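Structure, as structure tokens:
Residue numbers (mature numbering (1 follows the signal peptide of the UniProt record, and there is no 0)): -18 to -1, 1 to 834.
This is how it looks when you write it as structure tokens:
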């Protein structure tokens, strides 16, 4: 059962109790995610001048700015940035500064680099931020105080450049440009500020217009247009506009990627270089240092369908010329490059699936080589982009660490020959999830369900056949008895596995299959603290299918992936993640006895319609449309699998309040916007008959209204974005039978009823996430375990969280504090005592008989 909401999301399940201290971080898990890090907004930086260690700062594709500890990959701090459609985010940091600055939409924020606290914030009303840079030098001199920020703004028919004070964020000056050009990017040199714009004439392609400004006054110094020979048809053709270097560069290419054009910003000369011959170049990436004191060297990376290569160029600052220095030959494997600096020296790191190699920018001499250890998390993946720090001594690279984003969405840090850590950042784009059982477990459940729909003789024969087939597992079961007994005593139960997927007696090791909006599918073992069992790309499994809005449905050992728009589908093995032919899979449907029919619902034109499946008529069996201006905002049916816990509830006076146990129930929620009211309708899904209705006034109809219907519900799970937490509200706190305006009577207290209160104060013990801060949760799904007392909970969205809850405490399993060894020693001691005392008692009895 699941519910969707933006701010308050609820899932109905068996009740959950508080998290015990010894269970925290053991029965639950939390992936505090950022999203896929952006190449140009990820860097190593010391959090403050004089710090001995650096942090890894990043801005992700879902607009989250964060700091990561490079030692273990732990999250130091993060802030999700609100964004509108079309907004582009930026993240910059000045050298030897204690702040990092982000810009998104109309908001520029400076964050403390060490702890993420807000230092200052400024907004740019009626203008959208197009670029952000840090002013490292002024008139050729380094700035020792807080370095100012430069922002490039775009309005309706103009663009502007602002210089913001590095301490307060207040504007120092503003330069306005009403030419109508499209702003592209900022760039700085030691003495000048440049902004680059795309000038589109009446006829022809766009041209590059560069304007130079005084860093002190903001006045225009010069302006010129580069002849791009109709090569720049869009912004994507511009590969690089370098900033904060001794020689800022502007690099672009043509549509066919045959010619590379390089301009030293501040000059009008354009150098042309042909791309490598006999190589089908698919994409070009330029890597250059971002420090003003570094050598003016840069690397151009060429990506092909099966490999990559690179060329290194040098810039002569005296002659203002660009020349090709050397070539790094093509490798027939996917890889990437990164740039690092030490003083004025520039180093390039080549990273492939198997190794890392460090080269100097001066020559193609190999300074160091390290192998990349294989890992299940990186199996079959290749590096997409990276950032590196290199230690070079005596012309030899002695140490290296590289932050690498891989093609499977894993973000990893490679330290010399070791894989330090990985972060599954692809999970931050999760849009759908479903509980998926293992094939063996699902086959047994399907067999039992099938037997329940047969006659007595047929069901008995089927069960006998199933037990005969199970005898083949008997020898292995007997051989495992000693291991299970020993593991039970010492607390380390030996669990059977299918591949690496664990099965346990209590049903804690359940799989959750998740789908992302980037087309990835992964399975997580909830019982192993969210261990990723497999991770596949749907685009590679089915290149002809495109899944923009994937939706999942679980079957017996398989997961069906459907796209909400195109209705295309795939069938995936839930154990291995491999593609299965639909012809070899029987997708299960709910078992329906003779004389029964399934009901399907459609909602269109404000009307809810019910259809009886497998019926000759295509006409709806019934339809429901609310009266007047009411509109339907939500409808939910009673789950097909909804076990009945009890047929009634015993009241305080010993009367029984019986439940309405109709399996054909539909709960419809409507709102009346002008009257600010909401109504709830309970329908019979078989006939469409209205069973019950109730209305509520003073309702904020602009907010989503989650709803669910179930017979067995004792707790409500909600997400609270304001405190980044998931809370379980006991049913008694929201029981509709609570007395209003008076204290409960003794009989009502015996039922667990409390006095009605319009506000709910969250008890700290209700927080399932305890110390975890979960953000961006979109949905919560729950599942039963093998224990009657325990349920499994999984929440996804921006973060991933999973736990298990025991509503009435774990009454059907021994607690962690139970000492089995002490119990066995006690039993053994009693047995030895009986053996020792028995002869004494027997002798005493015999002596007593002789003395009589």
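Using N, Cα and C, we set each Cβ at its ideal position, and we do this for glycine too.
None of these values were measured; they are calculated from a predicted model.
Legend entry - Alpha-carbon spacing of residue 344 relative to residue 307, whole angstroms: Here residue 344 is taken as the residue at index 362 of the chain shown, counted from 1. Here residue 307 is taken as the residue at index 325 of the chain shown, counted from 1. Going from the Cα of residue 344 to the Cα of residue 307 covers about 8 Å.
Legend entry - Collapsed DSSP secondary structure at residue 813 in the structure displayed: Here the question's residue 813 lines up with position 831 in the chain shown. Note: residue 813 maps to helix in three-state DSSP.
Legend entry - Straight-line gap, residue 825 to residue 833 (C-alpha atoms, nearest Å): On the chain shown, residue 825 is found 843 positions in, with the first residue counted as 1. On the chain shown, residue 833 is found 851 positions in, with the first residue counted as 1. Cα-Cα distance, rounded: 12 Å.
Legend entry - Residue from 44, 544, 465 with nearest C-alpha to residue 410: Your numbering for residue 410 matches position 428 in the chain shown. Measuring from the Cα of residue 410, the nearest candidate turns out to be 44.
Inset, instruction - Give me the Cα-Cα distance between residue 24 and residue 139, rounded to the nearest whole angstrom. - result: Stepping through the chain shown from its first residue, residue 24 is reached at position 42. Stepping through the chain shown from its first residue, residue 139 is reached at position 157. So the two alpha carbons sit approximately 32 Å from each other.
Inset, instruction - Pull up the CB-CB distance for residue 787 and residue 773, whole angstroms please, since I reckon it's below 8 Å. - result: Reading the chain shown from its first residue, position 805 is the one you call residue 787. Reading the chain shown from its first residue, position 791 is the one you call residue 773. That pair is a contact at about 5 Å.
Inset, instruction - Could you name the residues of the same chain whose beta carbon sits closer than 7 Å to that of residue 641, not counting the 5 residues immediately before and after it, in chain order? - result: Translated into positions along the chain shown, residue 641 becomes position 659. So the qualifying residues of the chain are 629, 630, 693.
Inset, instruction - In angstroms with no decimal places, state the Cα-to-Cα distance between residue 239 and residue 286. - result: The count along the chain shown starts at 1 and reaches residue 239 at position 257. The count along the chain shown starts at 1 and reaches residue 286 at position 304. Their backbone Cα atoms lie some 11 Å apart in a straight line.
Legend entry - Residues near residue 9 by beta carbon distance below 7 Å, same chain, minus five either side: Looking up residue 9 in the chain shown gives position 27. For residue 9, where only same-chain residues beyond five positions count, the Cβ hits under 7 Å are 785, 786.
Inset, instruction - Identify whether residue 25 lies in helix, strand or coil by the three-state DSSP scheme. - result: Looking up residue 25 in the chain shown gives position 43. Strand, per DSSP.
Inset, instruction - Would you identify the three-state DSSP class for residue 313, choosing helix, strand or coil? - result: The sequence position of residue 313 within the chain shown is 331, counting from 1. Residue 313: strand per DSSP, three-state reduction.
Inset, instruction - State yes or no: is the C-beta of residue 322 within less than 8 Å of the C-beta of residue 264? - result: Position 340 of the chain shown, counted from the first residue, corresponds to residue 322. Position 282 of the chain shown, counted from the first residue, corresponds to residue 264. No, the pair does not count as a contact, with Cβ atoms beyond the cut-off.
Inset, instruction - Ignoring anything shorter than 3 residues or poking outside the segment 587 to 667, list the beta strand (DSSP E) runs there in chain order. - result: 589 to 594, 604 to 606, 613 to 619, 630 to 632, 638 to 640, 647 to 654, 659 to 666
Inset, instruction - Can you say whether residue 443 is buried or exposed, counting buried as having 16 or more other CB atoms within 10 angstroms of its CB? - result: As a position in the chain shown, residue 443 is number 461, starting the count at 1. Flag for residue 443 reads exposed.
Inset, instruction - Mind checking which residues open and close the alpha helix (DSSP H) that includes residue 285? - result: On the chain shown, position 303 is the one that residue 285 refers to. Residue 285 -> not in any alpha helix (DSSP H); beta strand (DSSP E) instead, spanning 279 to 285.
Inset, instruction - Determine the contact status of residue 166 and residue 110, defining contact as a CB-CB distance below 8 Å. - result: Along the chain shown, read from residue 1 onward, the residue named residue 166 stands at position 184. Along the chain shown, read from residue 1 onward, the residue named residue 110 stands at position 128. Contact: no.
Inset, instruction - Report back the beta-carbon spacing between residue 146 and residue 104 to the nearest angstrom; my notes put them in contact at under 8 Å. - result: On the chain shown, position 164 is the one that residue 146 refers to. On the chain shown, position 122 is the one that residue 104 refers to. About 6 Å; that satisfies the 8 Å criterion.
Inset, instruction - Report the partner residues of residue 167 according to the DSSP bridge assignment. - result: Here residue 167 corresponds to residue number 185 of the chain shown, with the count starting at 1. The partner list for residue 167 (beta bridge, DSSP) reads 178.
Inset, instruction - Please state if the CB of residue 725 and the CB of residue 756 are separated by a distance shorter than 8 Å. - result: The sequence position of residue 756 within the chain shown is 774, counting from 1. The sequence position of residue 725 within the chain shown is 743, counting from 1. Not closer than 8 Å, so no.
Inset, instruction - Sort 348, 75, 107, 763 by Cα distance to residue 94 and report the nearest one. - result: Indexing the chain shown from 1 puts residue 94 at position 112. Of 348, 75, 107, 763, the residue nearest in Cα terms is 75.
Inset, instruction - Quick one: which unbroken beta strand (DSSP E) runs of 3-plus residues sit fully inside the segment 91 to 138? Chain order, please. - result: 100 to 105, 110 to 116, 131 to 136
Inset, instruction - Could you check what DSSP says for residue 434 in three-state terms: helix, strand or coil? - result: Here residue 434 is taken as the residue at index 452 of the chain shown, counted from 1. Three-state result, residue 434: helix.
Legend entry - Residues that residue 350 bridges to, as DSSP identifies them: Within the chain shown, the letter at position 368 stands for residue 350. According to DSSP, which records beta bridges pairwise, residue 350 is partnered with 340.
Inset, instruction - On a CA-only basis, which of 332, 47, 190 is nearest residue 284? Give me that one, please. - result: Working through the chain shown from its first residue, we reach residue 284 at position 302. The option with the nearest alpha carbon to residue 284 is 332.
Legend entry - Assumed close pair residue 90, residue 131 - CB separation to whole angstroms, cut-off 8 Å: Translated into the one-based positions of the chain shown, residue 90 becomes position 108. Translated into the one-based positions of the chain shown, residue 131 becomes position 149. Going by Cβ atoms, the distance from residue 90 to residue 131 rounds to 7 Å, so yes, they are a contact pair.
Inset, instruction - Please go through the same chain and pick out, in chain order, the residues whose beta-carbon is closer than 6 Å to the beta-carbon of residue 120, but skip the five residues on each side of it. - result: For the purposes of this step, residue 120 is taken as residue 138 along the chain shown, with counting starting at 1. Correct list, in chain order: 197.
Legend entry - Spatial distance of residue 607 from residue 551 (CA atoms): Locating residue 607 in the chain shown gives position 625, counting from the first residue. Locating residue 551 in the chain shown gives position 569, counting from the first residue. Distance between the alpha carbons of residue 607 and residue 551: 32 Å.
Legend entry - Where residue 62 falls: helix, strand or coil (DSSP): The count along the chain shown starts at 1 and reaches residue 62 at position 80. Strand.
Inset, instruction - Decide if the segment 707 to 718 is in contact with the segment 665 to 673; the criterion is three or more beta carbon pairs, one per stretch, under 8 Å apart. - result: no
Legend entry - Distance between residue 698 and residue 814 (C-alpha atoms, nearest Å): The count along the chain shown starts at 1 and reaches residue 814 at position 832. The count along the chain shown starts at 1 and reaches residue 698 at position 716. Each residue's alpha carbon lies about 53 Å from the other.
Inset, instruction - Within its chain, find whatever has a CB closer than 8 Å to the CB of residue 320; leave out the 5 residues flanking it on each side and keep chain order. - result: By 1-based counting over the chain shown, the position of residue 320 is 338. Only 269, 330, 331, 333, 367, 368, 369, 370, 384 meet the Cβ criterion.
Inset, instruction - Quick one: residues in its chain with C-beta nearer than 7 Å to the C-beta of residue 224, no 5 flanking neighbours on either side, listed in chain order? - result: For the purposes of this step, residue 224 is taken as the residue at position 242 of the chain shown. Around residue 224: 169, 230, 231, 270.
Inset, instruction - State whether the segment 358 to 365 contacts the segment 373 to 383, with contact taken as three or more CB pairs (one from each stretch) at a distance under 8 Å. - result: no
Inset, instruction - Look at the alpha carbon of residue 395 and the alpha carbon of residue 349, and state the distance between them as a whole number of angstroms. - result: As a first step, residue 395 is located in the chain shown; it is residue number 413 there, counting from the start. As a first step, residue 349 is located in the chain shown; it is residue number 367 there, counting from the start. When rounded, the distance between both Cα atoms is 20 Å.
Legend entry - Rounded Cβ spacing between residue 648 and residue 612 (contact assumed at less than 8 Å): Taking the chain shown and counting its residues from 1, the one referred to as residue 648 is at position 666. Taking the chain shown and counting its residues from 1, the one referred to as residue 612 is at position 630. Residue 648 to residue 612, Cβ: 16 Å. No contact.
Legend entry - Cα-Cα separation between residue 835 and residue 501, rounded to whole angstroms: The requested residue 835 is not part of the displayed model; the chain covers only -18 to 834.
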